[in-house]
Amino acid sequence: MPTSLETPPASAETEDQQIERLKRELAEAEEKLAEIDKTVNAKMEALYVSGKLERPVHPAVGDQPGWDSPGHRTALRNMRSADMIQAWYQYTPEIFELELLTETIMQGVWSEVRKSPQFDSLFKDRMRVKKRQYVRYAGDFTVGFHPNTTKKLARHNEGAINELRKLANKHLRDLGPDSKDGNSYFDLFNEDFEADGKTRNIGKEYQKLIDEYNAQAKPEDVIEDTATPWERATTYYEAGQTSWDVVSQNLADNEFTLMPSSLRELYVTMRNMDENKLQNYRDRDLDVKIPMVEFFIAQFRDEVLGIREATKSNLELMTWFVNKQGQSFIPWRDIREDLTDWWEIIKAL
């Protein structure tokens with residue numbers, strides 16, 4: 103005899119009662135989250151007050167770094183030869199650690215230094231970065247590192263922190279700072295990933311360098327950077343973007359192509375590239391130009407697919423590539439195969 107199907111018992115709650123219950127549960131959850139936020143904020147505030155953690159401050163747009171003595175700045179800007187640089191290099195080389203000094207000296211003087219046999223190659227490379235140290239600091243903030251921390255780490259183990267900077271920047275360019283699926287660079291800041299056949303972890307490796315530095319540092323020189331991935335994605339990242347807006351105006355458009363690759367390839371530099379800057383790369387090698395173009399096409403692709411937002415300056419480059427002088431910027435057949443269809447879409451648009 104077949105078993106009869108029984109009608110399931112009706113819910114004891116009416117629809118209105120269910121809505122009210124869900125509202126109460128939501129309110130309770132929000133209250134718990136608020137308590138957690140208070141606890142976290144209190145702990146962070148205690149670290150700031152104790153001096154163990156430095157409070158990130160957004161630089162104000164228009165608040166350009168300057169000289170207390172405008173006359174000194176004017177004197178440096180009036181230098182037109184490398185004679186004084188050579189004298190400092192010979193007798194007081196430590197003066198070049200004054201970043202504001204190296205940044206203020208005109209690019210034409212540093213170009214003369216690069217051509218001169220009177221300076222060693224290591225000095226020339228260091229000064230190429232020192233000239234644009236503010237770009238380096240903006241790049242550090244953008245990948246979630248605090249510049250005051252990286253500055254000390256560089257003095258202790260420059261090779262290691264520079265290698266991690268390069269890895270973090272590539273990971274940021276690959277994943278982007280934000281995404282709709284929770285797989286952005288900052289979402290995965292403390293997660294393992296594969297790079298060149300090795301398992302890497304940006305957050306853990308950054309903390310390891312800090313621990314190694316602290317192991318040999320004096321108590322008053324110990325550093326901490328305990329910001330959460332969320333704080334790195336908001337406060338740090340936004341500070342990097344804002345500081346770029348403030349200081350990039352110190353660079354002439356043709357100076358971008360004179361930067362070392364460690365600065366040219368920074369995410370903060372690439373996402374702010376525009377037509378005036380990019381056309382100065384015309385005569386550079388293809389191994390410099392093609393990866394740049396691939397980055398811009400990938401930015402367009404991600405914008406169209408709704409994965410992340412591209413910058414206006416990057417999107418405007420598409421018009422330059424298709425309808426202006428950028429048509430011959432690279433051999434377009436040489437771009438990555440996965441971007442070929444997107445290049446055809448761009449041309450069709």
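Take the sequence shown: its position 231, counted from the start at 1, is 333 in the working numbering, and no numbers get skipped. Every residue, glycine too, gets a C-beta built ideally from N, C-alpha and C. Because the structure is a prediction, the values reported are computed rather than measured.
In the DSSP assignment, what are the bridge partners of residue i?
| i | result |
| --- | --- |
| E296 | T301 |
Less than 8 Å between the CB atoms is what I'm expecting for residue i and residue j, so what's the real figure, rounded?
| i | j | result |
| --- | --- | --- |
| N374 | N356 | N374 to N356, Cβ: 16 Å. No contact. |
| L380 | L419 | 7 Å |
| F291 | I304 | 6 Å |
| V370 | Q343 | 7 Å |
| F398 | R334 | In fact, because the Cβ distance is near 25 Å, the residues do not count as touching under 8 Å. |
Just how far apart, CA to CA, sit residue i and residue j?
| i | j | result |
| --- | --- | --- |
| G306 | T116 | Note on residue identity: the sequence assigns Lys, not Gly, to residue 306. Approximately 51 Å between the Cα atoms of the pair. |
| T328 | R435 | 46 Å |
| E446 | E367 | 25 Å |
| P161 | Y236 | Its pLDDT being 46, under 50, P161 is placed unreliably by the model, and the measurement read from it follows with that caveat. Taking the straight line joining both Cα atoms gives about 12 Å. |
| I409 | R234 | 32 Å |
| N250 | K320 | 16 Å |
| Q209 | E196 | 20 Å |
| N264 | L124 | 51 Å |
| L149 | E122 | 41 Å |
| N271 | R179 | 33 Å |
| K300 | L269 | 12 Å |
| E326 | T141 | 19 Å |
| I138 | W332 | 15 Å |
| G153 | K310 | 21 Å |
| T442 | L274 | 23 Å |
| D376 | K226 | 28 Å |
| P393 | V324 | 39 Å |
| Q220 | T194 | 15 Å |
| A297 | D283 | 21 Å |
| G278 | R182 | 42 Å |
| K426 | T336 | 36 Å |
| E439 | A341 | 36 Å |
| A354 | S218 | 23 Å |
| I432 | V349 | 30 Å |
| E322 | K414 | 45 Å |
| R403 | E411 | 10 Å |
| D387 | Q318 | 43 Å |
| K145 | T330 | 12 Å |
| D276 | L266 | 15 Å |
| N143 | L255 | 27 Å |
| K253 | G173 | 29 Å |
| K223 | E199 | The residue you asked about is not Lys; residue 223 is Ser in the sequence shown. Rounded to whole angstroms, S223 to E199 spans 17 Å at the Cα level. |
| E201 | A262 | 22 Å |
| Q429 | W444 | 16 Å |
| A131 | L451 | 47 Å |
| E147 | T359 | 42 Å |
| Y191 | M361 | 21 Å |
| Y308 | Q120 | 48 Å |
| L407 | L135 | 33 Å |
| T421 | S363 | 26 Å |
| G246 | E133 | 30 Å |
Taking C-beta to C-beta, are residue i and residue j nearer than 7 Å?
| i | j | result |
| --- | --- | --- |
| K391 | V424 | no |
| H248 | Y315 | no |
| S345 | A240 | yes |
| N416 | Q401 | yes |
| T204 | Y339 | no |
| D294 | S286 | no |
| I187 | V215 | yes |
| A184 | V211 | yes |
| E396 | I437 | yes |
| T206 | R228 | no |
Give a single yes or no on whether residue i has its beta carbon closer than 6 Å to a heavy atom of the ligand COA.
| i | result |
| --- | --- |
| V237 | Looking for the ligand COA in the displayed structure turns up nothing, as the structure carries no ligands at all. |
- request: Quick one: which unbroken beta strand (DSSP E) runs of 3-plus residues sit fully inside the region 298–373? Chain order, please.
  value: Listed in chain order, the complete beta strand (DSSP E) runs (minimum 3 residues) inside the region 298–373 are 300–302.
- prompt: Of all the alpha helix (DSSP H) runs that stay within the bounds of the region 204–278, which reach a length of 4 or more residues?
  reply: 209–217, 223–232, 235–244, 249–277, all fully within the region 204–278.
query: Can you give, in chain order, each stretch of the alpha helix (DSSP H) that sits fully within the region 373–405 and has at least 4 residues?
result: The region 373–405 contains these whole alpha helix (DSSP H) runs: 377–380.
message: Threshold first: 3 residues or longer. Then list the beta strand (DSSP E) segments lying entirely within the region 396–450, N to C.
response: Counting only runs of at least 3 residues, the region 396–450 fully encloses no beta strand (DSSP E) element at all.
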